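Since the structure comes first, as C-alpha cells, the remarks are kept for the end.
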Amino acid sequence: MTTLRILGLIALASCSAQIFAADFEFDRPGEGLGTGITPVGKVAWEQGLPTVQYSDSGEQTITRLNADMLLRTGIAKDLELRLGWDGPGWKQVKSNGQTDDEDGLGDISIGLKKAIDLDDDKLSMALLAEAIIATGNAGFSNEEDIYSLSSAVSYQYNELVSTAITMRYEWQDSHWAVVAVPSLGYQIKDRWSGYSELVYRKAEGVNNEYALGTGVMYALNDRVQLDASVGVDLNGIDRSYFSGLGLSVLF
Numbered sequence: 064m065t066t067l068r069i070l071g072l073i074a075l076a077s078c079s080a081q082i083f084a085a086d087f088e089f090d091r092p093g094e095g096l097g098t099g100i101t102p103v104g105k106v107a108w109e110q111g112l113p114t115v116q117y118s119d120s121g122e123q124t125i126t127r128l129n130a131d132m133l134l135r136t137g138i139a140k141d142l143e144l145r146l147g148w149d150g151p152g153w154k155q156v157k158s159n160g161q162t163d164d165e166d167g168l169g170d171i172s173i174g175l176k177k178a179i180d181l182d183d184d185k186l187s188m189a190l191l192a193e194a195i196i197a198t199g200n201a202g203f204s205n206e207e208d209i210y211s212l213s214s215a216v217s218y219q220y221n222e223l224v225s226t227a228i229t230m231r232y233e234w235q236d237s238h239w240a241v242v243a244v245p246s247l248g249y250q251i252k253d254r255w256s257g258y259s260e261l262v263y264r265k266a267e268g269v270n271n272e273y274a275l276g277t278g279v280m281y282a283l284n285d286r287v288q289l290d291a292s293v294g295v296d297l298n299g300i301d302r303s304y305f306s307g308l309g310l311s312v313l314f
C-alpha cells in the first residue's frame, strides 16, 4: 500500500469521525429527548450506574436504586430502534422505626425514533413512539402498560448554547397524561458540557407535578460519555430528590 493511499485513508477516517460525532448524540442524562439518530449498523448502549430516588414525608423515607439501560440502533438513515429496561432495582422503606428492604426487576420498553428534516442547520426535530411493557416485579413496575408519543425540537443558538423542548403524551389504562420538558444545553469547557431542565407533568385526576434537574457530561472520546445528574421534585411538602451516574458507549 502506497504512502499516499495510507494518508488518504487516514484523512477519510478522520473526516468520517468528525461527521459522525457531529450528527450523533446520546440521550443520557435528563428527561428530555435528543433529536439525534444512531447511525445504521451502530449500537448505542446507555447505562445508569445507578439512578437514585429519595423521598421523605416526615413519617416515612423511601430510597430507590435501579440500573436502568437503553440500547439504540439505526435501522434507516433517519430512524432508530430503541430497547430499554429499568433494570434490577432495590428499595428501602423506613417507617415507625422499622426498615424493610426488597429488590426486583423493572419494566422493559420498545420504541421507534424518527428524525424530521426541517432543512435548517440550527433547528432539528424528532418523534418517538414508545411502549413501556409492565413486565417488572411488584413494587418495581408501572403495573399497567404505558403507551406514549413524544416530540423534541432543538435549536442551536451558537457553539456554546442550545435550547430544546420535549412534549410527551402518555396513555395508561384509559388515563391520559402530558409531560413538557423545556431544557437548556451549554458547553462548559473542552470535553465538558451540561444541561438544565424543568419537568412538568399533568395526569388525569392528579395535581400538577414539577421537577428541576441539572447535570454534566464528559466525553472521553467521540464514542464514550460519562454523566452525572441531580434533581428535586417540587410537589407538596415532601422532600424528594433524584440523582444518577451514567455511562454511554457507541459501538
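Counting from 1 along the sequence shown, just add 63 to a position and that's the residue number in my numbering. Ideal placement from N, C-alpha and C gives every residue a C-beta, glycine not left out. Bear in mind that the values here come from a model prediction, so they are computed numbers and not experimental data.
*Could you tell me whether the Cβ atoms of Thr-124 and Lys-157 are closer together than 8 Å?*
The residue labelled residue 124 in the question sits at position 61 within the sequence shown. The residue labelled residue 157 in the question sits at position 94 within the sequence shown. Yes.
*asked:* Let's test the definition: count the other Cβ atoms within 10 Å of the Cβ of Asp-129 and tell me whether it reaches 16, buried, or not, exposed.
replied: For the purposes of this step, residue 129 is taken as residue 66 along the sequence shown, with counting starting at 1. It should be noted that the sequence gives Asn, not Asp, for residue 129. Result: buried.
*For Ile-251, which option in Tyr-263, Tyr-273 and Val-224 has the closest C-alpha, if you only look at C-alpha atoms?*
Counted from its first residue, the sequence shown places residue 251 at position 188. It is Val-224 whose Cα lies nearest to the Cα of Ile-251.
*Are the region 167 to 182 and the region 140 to 153 touching by the rule of at least three beta carbon pairs closer than 8 Å?*
yes
_Whole-angstrom distance between Trp-153 and Gly-307, CA atom to CA atom_ = Here the question's residue 307 lines up with position 244 in the sequence shown. Here the question's residue 153 lines up with position 90 in the sequence shown. Going from the Cα of Gly-307 to the Cα of Trp-153 covers about 14 Å.
*Gly-199 and Asp-149: beta carbons closer than 8 Å?*
The residue labelled residue 199 in the question sits at position 136 within the sequence shown. The residue labelled residue 149 in the question sits at position 86 within the sequence shown. Against a cut-off of 8 Å, the Cβ pair of Asp-149 and Gly-199 comes out as a contact.
*Can you tell me whether Gly-111 is buried or exposed, with buried defined as 16 or more other CB within 10 angstroms of its CB?*
Your numbering for residue 111 matches position 48 in the sequence shown. Its Cβ being crowded by 16 or more others within 10 Å, Gly-111 is buried.
_I'd like to know if the region 265 to 280 and the region 237 to 250 are in contact, where contact means that at least 3 CB-CB pairs between them fall below 8 Å._
yes
*Under three-state DSSP, which class holds Val-312?*
By one-based count along the sequence shown, residue 312 stands at place 249. Strand.
_Here's the rule I'm using: 16 or more other beta-carbon atoms within 10 Å means buried, otherwise exposed. How should Gln-161 be labelled?_
For the purposes of this step, residue 161 is identified with residue 98 of the sequence shown, where counting begins at 1. It is exposed - the Cβ of Gln-161 has fewer than 16 other Cβ atoms within 10 Å.
*Please confirm whether Ser-311 and Phe-89 have their CB atoms less than 8 Å apart.*
One-based indexing of the sequence shown puts residue 311 at position 248. One-based indexing of the sequence shown puts residue 89 at position 26. Yes, these two residues count as a Cβ contact at 8 Å.
_Let me check understanding here. Comparing Cα to Cα, which of Gly-309, Ala-139, Glu-207 and Gly-294 lies closest to Ile-171?_
Here residue 171 refers to the residue found at position 108 of the sequence shown. Checking every option, the nearest Cα to that of Ile-171 belongs to Glu-207.
_Candidates Ser-118, Ala-107 and Leu-168: closest to Ile-138 by CA position_ = One-based indexing of the sequence shown puts residue 138 at position 75. Of Ser-118, Ala-107 and Leu-168, the residue nearest in Cα terms is Ala-107.
_Going residue by residue through the region 112 to 151, where are the continuous beta strand (DSSP E) segments of at least 3 residues, counting only ones entirely within it?_
123 to 129, 132 to 139 and 142 to 148
_Assuming Glu-320 and Ser-211 are in contact, meaning their beta carbons sit under 8 Å apart, how far apart are those beta carbons, in whole angstroms?_
Outside the shown range of the chain, which is 64 to 314, sits residue 320, and nothing can be said about it.
_Nearest-angstrom Cα separation, counted from Gln-155 out to Gly-121_ = On the sequence shown, residue 121 is found 58 positions in, with the first residue counted as 1. On the sequence shown, residue 155 is found 92 positions in, with the first residue counted as 1. Whole-angstrom Cα-Cα distance: 15 Å.
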